[in-house]
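Each residue of the sequence shown is one higher than the one before, starting from 1 at the first, in UniProt numbering. Okay, structure first, notes after.
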Amino acid sequence: MHSDIDGHTPEDMLEIEHDGMLKEAQKWLKETAQSCSTVAILVATVVFAAAYTIPGGTENGTPVFLHSSEFLFFTIMDVVALATSLASVVVFLSILTSPCELWDFHKSLPRKLNLGFALLFLSLMTTMLAFSATMLLTIRLEWKNWTSTLIYSAAFFPVTIFAIIQFPVYVMVRSITKHLWKQVKKVFPTRLIEHCMSNC
């Protein structure tokens with residue numbers, strides 16, 4: 001492998017020259033993963049509690065609205081919300097426990113972050129749908145179409161805001177990753193990059 005006068009390989013030089021940028025990226029990634037995992041844990045707590053406080057209550061241990069389509073919808077959305085929120089917690093925890101080396105920022109960490117965002121978004125969306133189903137079960141007004149439209153619109157409002165805010169972050173992570181990878185490819189020979197990636 002080629003080295004300069006001081007014995008530094010191209011890989012060493014890349015790490016030395018981009019050390020400050022790497023530390024900033026590590027800090028941002030850890031803070032983002034920590035914040036998102038906190039939100040995901042809160043969602044998991046809410047939907048877990050919702051599973052045991054059944055809308056309409058129970059009669060002799062059987063849910064009152066057991067044969068209602070809204071109750072089935074509530075149950076499915078609650079289970080999906082719990083599964084996706086816990087999965088996003090696992091993904092964000094894997095980011096927090098990863099070493100966050102320079103080569104991890106190529107594919108591994110951006111993929112994990114994008115997967116975590118997607119799972120968190122899905123958990124928030126299904127939580128709001130479960131909430132909507134609960135509202136429909138408890139209100140049961142005569143103008144059902146009008147009521148359900150209003151409730152679903154209100155439920156999707158926070159989900160839409162979350163999507164609008166997080167989508168630019170998702171796009172930014174992808175574009176920065178591609179840009180950095182192009183810069184690395186320009187500086188270092190392809191064989192060296194492949195060798196480093198295979199040893200990671």
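By construction, the Cβ of each residue, glycine as well, lies at the ideal position given by its N, Cα and C atoms. Only a predicted model underlies this, so the values are computations on that prediction, with no experimental measurement involved.
_Outcome for M172 when other beta-carbon atoms lying within 10 angstroms are tallied against a minimum of 16_ = On the sequence shown, residue 172 is found 172 positions in, with the first residue counted as 1. M172 is exposed by the Cβ-count criterion.
*Just reading off the alpha helix (DSSP H) that N114 is part of, what are its end residues?*
Position 114 of the sequence shown, counting from 1, holds the residue named residue 114. N114 -> alpha helix (DSSP H) spans 108-139.
*Let me know the secondary structure DSSP gives P99 once reduced to three states.*
Taking the first residue of the sequence shown as 1, we reach residue 99 at position 99. Looking at P99 - three-state DSSP - the assignment turns out to be coil, as it is neither helix nor strand.
*If I'm right that P129 touches A87 with Cβ under 8 Å, what's the distance once you round it to whole angstroms?*
Within the sequence shown, numbered from 1, the residue matching residue 129 stands at position 129. Within the sequence shown, numbered from 1, the residue matching residue 87 stands at position 87. Per the sequence presented here, residue 129 reads as Leu, with Pro not at that position. Their Cβ separation, rounded to whole angstroms, is 17 Å, which puts L129 and A87 out of contact at 8 Å.
*Under the DSSP definition of a beta bridge, which residues are partnered with E59?*
Here the question's residue 59 lines up with position 59 in the sequence shown. When beta bridges are read from the DSSP output, E59 appears opposite T62.
_Same chain, Cβ closer than 7 Å to L42, five either side skipped, listed in chain order_ = Within the sequence shown, residue 42 is the residue found at index 42, counting from 1. Closer than 7 Å at the Cβ level, and outside the excluded window around L42, lies no residue.
*Go ahead and label L124 buried or exposed: buried means 16 or more other beta carbons lie within 10 angstroms of its beta carbon, across all protein chains shown.*
Taking the first residue of the sequence shown as 1, we reach residue 124 at position 124. Buried, since its Cβ has 16 or more Cβ neighbours within 10 Å.
*asked:* Determine whether the beta carbon atoms of E59 and A133 lie at a separation below 9 Å.
replied: For the purposes of this step, residue 59 is identified with residue 59 of the sequence shown, where counting begins at 1. For the purposes of this step, residue 133 is identified with residue 133 of the sequence shown, where counting begins at 1. The answer is no: Cβ separation not under 9 Å.
*C-beta atoms of T126 and V46 nearer than 9 Å*: Indexing the sequence shown from 1 puts residue 126 at position 126. Indexing the sequence shown from 1 puts residue 46 at position 46. Taking 9 Å as the Cβ cut-off, T126 and V46 do not qualify as a contacting pair.
_Within a Cβ cutoff of 7 Å, which residues of the same chain sit near A81, ignoring the five residues on either side of it in sequence?_
As a first step, residue 81 is located in the sequence shown; it is residue number 81 there, counting from the start. Correct list, in chain order: V43, V47, S123, T126, T127, A130.
*Would you mind working out which of F162, I161, I139 sits nearest I151, comparing C-alpha positions?*
Against the sequence shown, residue 151 aligns to sequence position 151. Checking every option, the nearest Cα to that of I151 belongs to I139.
*Check S68 in the structure and name its three-state DSSP category.*
Position 68 of the sequence shown, counted from the start, is the residue given in the question as residue 68. Coil.
*For V89 versus S37, is the C-beta spacing smaller than 9 Å?*
By 1-based counting over the sequence shown, the position of residue 89 is 89. By 1-based counting over the sequence shown, the position of residue 37 is 37. Their beta carbons are under 9 Å apart, which means V89 touches S37 by this criterion.
*What did DSSP end up calling I54 once you bin it into helix, strand or coil?*
As a working mapping, residue 54 is identified with position 54 in the sequence shown. Residue state, collapsed to three classes: coil.
*Tell me whether the beta-carbon of L115 lies closer than 9 Å to the beta-carbon of V79.*
Indexing the sequence shown from 1 puts residue 115 at position 115. Indexing the sequence shown from 1 puts residue 79 at position 79. No, they are not a contact pair.
*asked:* Taking 7 Å as the limit between beta carbons, can you name the residues of its chain near H153, skipping five residues before and five after?
replied: Here residue 153 is taken as the residue at index 153 of the sequence shown, counted from 1. With the sequence shown as reference, residue 153 is identified as Ser, and His is not the correct amino acid for it. Result list for S153: empty, nothing under 7 Å.
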